[in-house]
Amino acid sequence: MNILFQPFGPSTLSSALANKASMQLGDITQREFPDLESYLKINTDVKGADTFILSSLDNPNPKIAPLLFLADALKSEGANSVSLIAPYLAYMRHDIQFLPGEALSSHSFAKILSPFFNNIITVDPHLHRIKSLSDIYQTNTTVVHAASAIADWIQKNVPHPFIIGPDSESAQWASDIANLANVPYTVLEKIRKSDRKVEIKIDASIDFQGKTPILIDDIISTAGTMITAVSQLIKDGMPTPICIGIHAVFANDAYERLLASGVSKVVTCNTIGHPSNAIDLADALVNSLKLKRT
Ligand code: R5P
């Protein structure tokens with residue numbers, strides 16, 4: 194039996210996982226004590242079951258304690274396995290110690306999560322200086338790729354697309370999607386000045402005439418990268434671009450600022466629930482789950 198738990202509420206992926214992957218929905222009671230500690234109780238019999246917890250890990254800090262309590266309780270209640278489906282996996286960007294004394298949060302986070310889960314399934318984690326999740330996670334990991342769903346969306350919705358990765362880190366997504374959609378692409382040069390400030394350079398020899406520029410990045414957080422790239426494109430006389438992000442993190446008012454930056458459209462995948470979600474990854478996620486049928 195496969196049972197799905199959603200400790201932080203349902204998402205657009207829940208029903209697809211329940212229906213297409215034949216998962217029963219599990220029930221829990223959860224609340225906070227007056228001192229803000231977490232209370233959690235499993236109301237579904239999980240003995241011998243393969244259990245799955247669906248939780249995107251944007252805004253991770255308040256989620257971690259309840260998530261780990263649930264995983265631990267599932268094991269204690271006799272679940273055969275506990276898997277985490279985290280469509281967005283947090284803390285992947287701090288992947289090197291930039292200054293002596295800094296906590297290497299990508300590694301620490303992996304050490305915290307790994308012992309609680311038999312499997313961790315995620316969508317396009319930010320693998321840059323870390324080459325594979327197995328380099329830092331000490332449990333089975335599965336990476337689902339959004340490239341083919343994004344390429345499909347572009348082919349159906351954008352005339353004469355020209356894909357642009359705003360920085361070298363986005364090259365892996367820009368090139369994969371461009372190859373799948375069979376369209377041209379380029380990668381810009383980004384210099385990060387601070388958490389919120391970046392500079393971007395565009396190769397002046399590229400001819401965008403008659404094309405629809407599509408900026409593609411894995412994460413849109415402060416949207417500083419996207420907004421700077423959009424401004425630079427517009428300043429250089431390019432057509433108004435579309436922005437596509439895999440993970441709609443959108444810190445604070447980032448989405449509103451990006452919409453106001455002159456972009457023609459902002460589109461994201463549904464790894465994090467957000468009004469910009471237009472690309473559904475349910476099938477990609479379901480296909481990645483190797484489930485025993487009951
Ligand atoms: C890092 O290089 C990532 O690929 C994104 O470019 C970055 O996370 C975007 O962050 P922000 O939206 O804050 O510029």
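The sequence shown maps to residues 194 to 487 in the numbering used here. Where is the CB? At the ideal position from N, CA and C, for every residue including glycine. Note that the coordinates shown come from a computational prediction; the quantities given were computed from them, not determined experimentally.
Cα-Cα separation, residue i to residue j
i: S481; j: A242; result: 19 Å
i: F401; j: D328; result: 39 Å
i: T487; j: A214; result: Confidence in T487 is poor, its pLDDT being 48 and thus under 50, which makes the residue's placement too unreliable to answer from.
i: E270; j: V239; result: 6 Å
i: P354; j: T405; result: 5 Å
i: N463; j: A342; result: 11 Å
i: E230; j: G202; result: 19 Å
i: V336; j: T315; result: 5 Å
i: A374; j: E225; result: 47 Å
i: P227; j: N254; result: 19 Å
i: P434; j: S204; result: 29 Å
i: H319; j: F443; result: 16 Å
i: A397; j: N195; result: 54 Å
i: K349; j: L408; result: 17 Å
i: A491; j: G403; result: Since the first residue shown for the chain is 194 and the last is 487, residue 491 is missing from the structure and cannot be characterised.
i: D473; j: S249; result: 15 Å
i: M216; j: T237; result: 13 Å
i: A447; j: W366; result: 22 Å
i: D439; j: D317; result: Sequence check: residue 439 is Ile here, not Asp. C-alpha separation (whole angstroms): 8 Å.
i: F198; j: L326; result: 24 Å
i: F245; j: D345; result: 28 Å
i: A416; j: A422; result: 10 Å
i: N273; j: A279; result: 19 Å
i: V376; j: Q425; result: 22 Å
The ligand R5P heavy atom lying under 7 Å from the CB of residue i
i: T415; result: yes
i: H319; result: yes
i: D411; result: yes
i: M431; result: no
i: E295; result: no
i: L363; result: It is Ser, not Leu, that sits at residue 363 in the sequence shown. Result yes, Cβ under 7 Å from the ligand R5P.
i: T418; result: yes
i: R286; result: yes
i: D360; result: yes
i: V155; result: Within the shown structure, residues of the chain are numbered from 194 to 487, placing residue 155 beyond reach of any answer.
6 Å Cβ shell around residue i - same chain, five flanking residues per side excluded
i: R322; result: D288 and I289
i: A266; result: I235
i: F302; result: Y284
i: N312; result: S276 and N333
i: H300; result: I329
7 Å Cβ shell around residue i - same chain, five flanking residues per side excluded
i: K268; result: V275
i: A209; result: A475 and V479
i: A441; result: I413, T461, I465, H467, S469 and N470
i: S307; result: Y330, Q331 and T332
i: D251; result: Y281, A283, V442 and I465
Test: residue i CB closer than 8 Å to a CB of chain C
i: T332; result: Among the chains in the structure shown there is no chain C, since it carries only a single protein chain.
Other residues of its chain near residue i: CB distance less than 8 Å, five sequence neighbours each side excluded
i: L233; result: P200, I221, T222, Q223, P259, F262, L263 and A266
i: T418; result: P359, D360, K383, V391, I393 and D410
i: A364; result: G358 and V380
i: P352; result: T405
According to DSSP, residues forming a beta bridge with residue i
i: V459; result: C436
i: T335; result: I314
i: E498; result: With the chain covering only 194 through 487, there is no way to say anything about residue 498.
i: I413; result: A441
i: F355; result: P406
i: K304; result: K304 pairs with nothing; no bridge assigned.
i: V391; result: R385
i: I472; result: C462
Residue ranges of each beta strand (DSSP E) within the region 221-282, 3 or longer: 221-225, 231-235, 243-247 and 274-279
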